[in-house]
Amino acid sequence: GAGVSQSPSNKVTEKGKDVELRCDPISGHTALYWYRQSLGQGLEFLIYFQGNSAPDKSGLPSDRFSAERTGGSVSTLTIQRTQQEDSAVYLCASSLSGAAGETQYFGPGTRLLVL
Amino acid sequence: EDQVTQSPEALRLQEGESSSLNCSYTVSGLRGLFWYRQDPGKGPEFLFTLYSAGEEKEKERLKATLTKKESFLHITAPKPEDSATYLCAGHGTASKLTFGTGTRLQVTL
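Chains as they are written, first to last, in our numbering: chain A, 16 to 130; chain B, 652 to 760.
Rendered as structure tokens:
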């Protein structure tokens, strides 16, 4: 595709429910990243995929968070038993190969609100 | 631990009033210093990458510069459409970008 796409664009859920967020990277990009942007805070790294593998999961805040990538393309970020502190904008980015200093291109984000 | 600090948090300029945004960084093994623009409700839009001290890049009214400790985003004769949040990020030895909290720029007529 022309750019990184994410769905849904907005998600409202109740505390305790599970949510799935989807990311479609730029076609041909092997590296995919998830970040979280909370109100008044900088973007916080969550996880990095190279192909279908996740060599860096260091940013996942708890075991309620998981992510997978299939076919070297689409990625899904799953949050189980959502809490109010999970409310944030979840941003996905992709880059061509994951090489050092390579530009990461961002999608529009999914705005998650946990009531 | 890598750290990126941006200042000021917010900046209000009149159209045509030039200024600079600051990004101080402590990033181990810096591989690139990135500037992004973010409009409300949208994802960050890539502007520049700087790789080594002394490097400069320009795009329209924006010019980014890099030293060993800081980067500056200079805005010359800004227009209202330049209003946005400008984000600075460092890419070090880890795979991730480390972001600052951004500078919210408002340009008024």
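Even for Gly, the Cβ is constructed at its ideal location relative to N, Cα and C.
Ser67/A - containing beta strand (DSSP E), residue span: For the purposes of this step, residue 67/A is identified with residue 52 of the first sequence, where counting begins at 1. Checking the sequence, you will find Asn at residue 67/A rather than Ser. Per DSSP, Asn67/A belongs to no beta strand (DSSP E) and is neither H nor E.
Against chain B, with Cβ distances strictly below 8 angstroms, would Asp71/A count as a contact? For the purposes of this step, residue 71/A is taken as the residue at position 56 of the first sequence. It does; some Cβ of chain B falls within 8 angstroms.
Keeping to the same chain, check which residues put their C-beta closer than 7 angstroms to that of Pro23/A; ignore five residues upstream and five downstream. Along the first sequence, one-based indexing puts residue 23/A at 8. Taken in chain order, the residues that qualify are Thr125.
Assess, as a yes-or-no matter, whether the segment 107-117 of chain A is touched by the segment 40-51 of chain A under the definition of 3 or more beta carbon pairs within less than 8 angstroms. By the Cβ criterion, the segment 40-51 of chain A is in contact with the segment 107-117 of chain A, since at least three pairs of Cβ atoms, one from each stretch, lie closer than 8 angstroms.
Measuring only from the beta carbon, is Glu711/B closer than 7 angstroms to any heavy atom that is part of the ligand SAH? Ligands displayed in this structure: none; no statement on the ligand SAH is therefore possible.
Simplified DSSP assignment, three categories, for Gln95/A: On the first sequence, position 80 is the one that residue 95/A refers to. Gln95/A falls in the coil class under three-state DSSP.
Looking at the structure shown, is Asp39/A part of a helix, part of a strand, or coil, going by DSSP? By one-based count along the first sequence, residue 39/A stands at place 24. In the three-state DSSP reduction, Asp39/A falls in the strand class (E or B).
Return the residues of the segment 692-718 of chain B that lie within a Cβ-Cβ distance of less than 7 angstroms from chain A, sorted by chain order. Listed by position, the residues of the segment 692-718 of chain B near chain A (Cβ gap below 7 angstroms) are Lys693, Gly694, Pro695, Phe697, Thr700, Tyr702.
Would the segment 699-708 of chain B count as touching the segment 87-96 of chain A if we require 3 or more Cβ pairs under 8 angstroms? no
Could you name the residues that DSSP lists as bridge partners for Arg682/B? What you label residue 682/B is simply residue 31 of the second sequence in a count that begins at 1. Per DSSP, none; premise fails for Arg682/B.
Mapping the DSSP letters down to three states, classify Glu706/B as helix, strand or coil. Along the second sequence, read from residue 1 onward, the residue named residue 706/B stands at position 55. Coil, per DSSP.
Backbone CA spacing between Ile94/A and Glu117/A [nearest angstrom]: Position 79 of the first sequence holds residue 94/A. Position 102 of the first sequence holds residue 117/A. Ile94/A and Glu117/A have their C-alpha atoms some 28 angstroms from each other.
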